[in-house]
Amino acid sequence: MIRLISVMHTGTRFVQECLINAGFQKTDSYYGNGDFVLFVGDLSNPRKNVLRLIDAARRCGLPLVLIGALTDTPYGMSVRRAITTSKDIKYLGAIPSREMPSRNVLLSAMKCCRVFALPSLMEGIGMSAVEAGALGAK
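The sequence shown lines up with residues 3 to 140 when you count with the numbering used here.
Structure (C-alpha cells):
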C-alpha cells in the first residue's frame, strides 16, 4: 500500500518566507510606538475570552489592537460595544492570513506589538502565537 504524504510548513517558516517575499519592514508609524497589546482570532467566540482581555488592557492603560472576525452573536455584540466605548482599542477587522498585502498588515502588527495575548479559556498553543513569537512579540 502506498500512502501519499503532504508536508505543511511550520508557522515560523511561513512567516519568514512572507517577510522575504514581501520585502517586509516594521511599520511603527501605523501602530504608534509599538506599546500595545495584540489579539488575533475570532472575537465573537466566548472561549477566546476577548472581553476579559479588553478589561485587562483597560486596567493596565495599554492600547489594544484586535484582528479577527466579529459577528452579531450575543458575545460578539458585547465585544463590539466594548470596542466602541474605548478610545484605546483599534479594531482592524478580519484579515485573510495568506493574502498579500493583508498578510503584511497582520505580520506588521505581530512585529510591532509589545505583547501578543492569547487569553483563550480552552485552547492549546495557537498558530498565531507561534507566528507572533517568531517575529519577536512577547
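The beta carbon of each residue, even a glycine, is placed where N, CA and C say it ideally should be.
Where residue i falls, given that 16 or more other Cβ within 10 Å makes a residue buried
{"i": "I56", "result": "buried"}
{"i": "I127", "result": "exposed"}
{"i": "K89", "result": "exposed"}
{"i": "C114", "result": "buried"}
{"i": "R105", "result": "buried"}
Check whether residue i and residue j have beta carbons under 7 Å apart
{"i": "T75", "j": "S122", "result": "no"}
{"i": "M112", "j": "L137", "result": "yes"}
{"i": "V42", "j": "L64", "result": "no"}
{"i": "D37", "j": "R116", "result": "yes"}
{"i": "V107", "j": "V81", "result": "no"}
{"i": "I91", "j": "L109", "result": "no"}
{"i": "P98", "j": "Y77", "result": "no"}
Alpha-carbon to alpha-carbon, residue j and residue i
{"i": "C69", "j": "Y93", "result": "The residue asked about is misnamed: residue 69 is Ile in this sequence, not Cys. Taking the straight line from one Cα to the other gives about 6 Å."}
{"i": "A139", "j": "F118", "result": "6 Å"}
{"i": "M124", "j": "M79", "result": "21 Å"}
{"i": "A96", "j": "R60", "result": "22 Å"}
Selected residue, minimal CA-CA separation from residue i, among the options
{"i": "R54", "options": "A134, V132, L120", "result": "L120"}
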